[in-house]
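Using the numbering used here, the first residue of the sequence shown is number 81, and each one after it goes up by one.
Where a beta carbon is used, it is the ideal one built from N, C-alpha and C, also for glycine.
Written out below as structure tokens is the structure these notes cover.
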Amino acid sequence: MLFLLKYCYNGFMMIAKSCIFACMKLHPIAHFRSSFPSKFGVPRQSGIVNELQGCIVFQPEYRIDEALRGLEGFDFLWLIWGFSANRNGDKAWYPTVRPPLLGGNKAVGVFATRSPYRPNPLGLSSVRIERIDYDAADGPVIHVLGADLMDGTPIYDIKPYLEYADSHANIRSGFVDSNKWQLLDVVFPSSLASRIPGDMLPALIKVLEQDPRPQYHNDAEKIYGMQYATFDIRFRVNGTVLTVVDVLSAD
Numbered sequence: 081m082l083f084l085l086k087y088c089y090n091g092f093m094m095i096a097k098s099c100i101f102a103c104m105k106l107h108p109i110a111h112f113r114s115s116f117p118s119k120f121g122v123p124r125q126s127g128i129v130n131e132l133q134g135c136i137v138f139q140p141e142y143r144i145d146e147a148l149r150g151l152e153g154f155d156f157l158w159l160i161w162g163f164s165a166n167r168n169g170d171k172a173w174y175p176t177v178r179p180p181l182l183g184g185n186k187a188v189g190v191f192a193t194r195s196p197y198r199p200n201p202l203g204l205s206s207v208r209i210e211r212i213d214y215d216a217a218d219g220p221v222i223h224v225l226g227a228d229l230m231d232g233t234p235i236y237d238i239k240p241y242l243e244y245a246d247s248h249a250n251i252r253s254g255f256v257d258s259n260k261w262q263l264l265d266v267v268f269p270s271s272l273a274s275r276i277p278g279d280m281l282p283a284l285i286k287v288l289e290q291d292p293r294p295q296y297h298n299d300a301e302k303i304y305g306m307q308y309a310t311f312d313i314r315f316r317v318n319g320t321v322l323t324v325v326d327v328l329s330a331d
């Protein structure tokens, strides 16, 4: 009888916990501000364009200096955020996806990738802390480098990056190990490059090197447009060479 009561109790607790987690609602604690108003051009991973600047602006109820006490002693953060630009909302996920690194023509399991189309559309990124501005009008604001988030992305949590626990040397990385990303050679005429503020140009070039195009595109004559801050960057790609053909105002 005692065993039966214990079994029923444990079963009840498992059901109760499942219900709690099933009903759990996430709400943003902050939003990200970046130079990318849309996801086209956003780096495919965090940390590959370390010159790229952005900032974390907290929601009013979380703008509390004490909540960040001690954070100045860390170099990196983990960001837990939402794929807010997914098409068809939360229902747009598939058990297999076609990663850009594999040319978009080979399918692997979604849980073996970092595809944005997942059962729960949550992203995880590691970013470097550049500085924390406690005196900003909407502060405290965390300025970071190397993020892969578009402007307005909701952030659900931040956690400090710990080298002893989060860094692993000499590991396997699946299909990534045998399929290195091919960087493009960027031709950026000086007459066009001069239209970009000097402190923003290095990051822009690094973004273009990553090849912002969908991987199934291979038209050497097609001109692409990528919004970067207040600019509309027009370019074409022929083989491994990306040539910027115009820099316009995004307005």
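The beta strand (DSSP E) runs lying completely inside the segment 261-312 and spanning 3 residues or more are 265-267 and 304-308, given in chain order.
Counting the other CB atoms within 10 Å of its CB gives Y296 a total below 16, which places it among the exposed residues.
If you look at E243, you'll find it in the alpha helix (DSSP H) that goes E243 to D246. About 14 angstroms separates the Cβ atoms of L202 and I238, ruling out a contact at the 8 angstroms cut-off. A residue is called buried when at least 16 other Cβ atoms come within 10 angstroms of its Cβ; A110 meets this threshold and is buried.
Remark: C-beta atoms of A172 and K119 do not approach each other more closely than 8 angstroms. Excluding five sequence positions before and after L272, the CB atoms of its chain that fall closer than 6 angstroms to its own CB belong to V324 and V327, given in chain order. V122: not part of any beta strand (DSSP E); DSSP gives it neither H nor E. For the pair of segments examined, the segment 300-315 was found to touch the segment 112-129: the number of CB pairs separated by less than 8 angstroms reaches three. Here the C-alpha atom of K302 lies approximately 20 angstroms from the C-alpha atom of Q262. Check the Cα spacing between L182 and each of G219, S258, P123 and R211: the tightest is with S258. Looking at the backbone, the Cα of L281 and that of R275 are separated by about 9 angstroms. Here DSSP, grouped into helix, strand and coil, assigns Y142 to helix. Between Y214 and D145, the C-beta gap is smaller than 8 angstroms, which places the two residues in contact.
A straight-line Cα-Cα distance of about 16 angstroms links R143 and R211. Judged by DSSP in its simplified three-state form, G153 adopts helix. Rounded to the nearest whole angstrom, the C-alpha separation of G121 and P179 is 16 angstroms.
By the neighbour-count criterion, in which 16 or more other beta carbons inside 10 Å mark a residue as buried, I136 falls on the buried side. Between D231 and H248, the alpha-carbon positions lie close to 30 angstroms from each other. Counting other Cβ atoms within 10 Å of its Cβ, A192 stays below 16 and is therefore classed as exposed. For the pair D155 and I209, the CB atoms are nearer than the 8 angstroms cut-off.
As for any alpha helix (DSSP H) of minimum length 4 sitting wholly inside the segment 175-249, the runs are 243-246, ordered along the chain.
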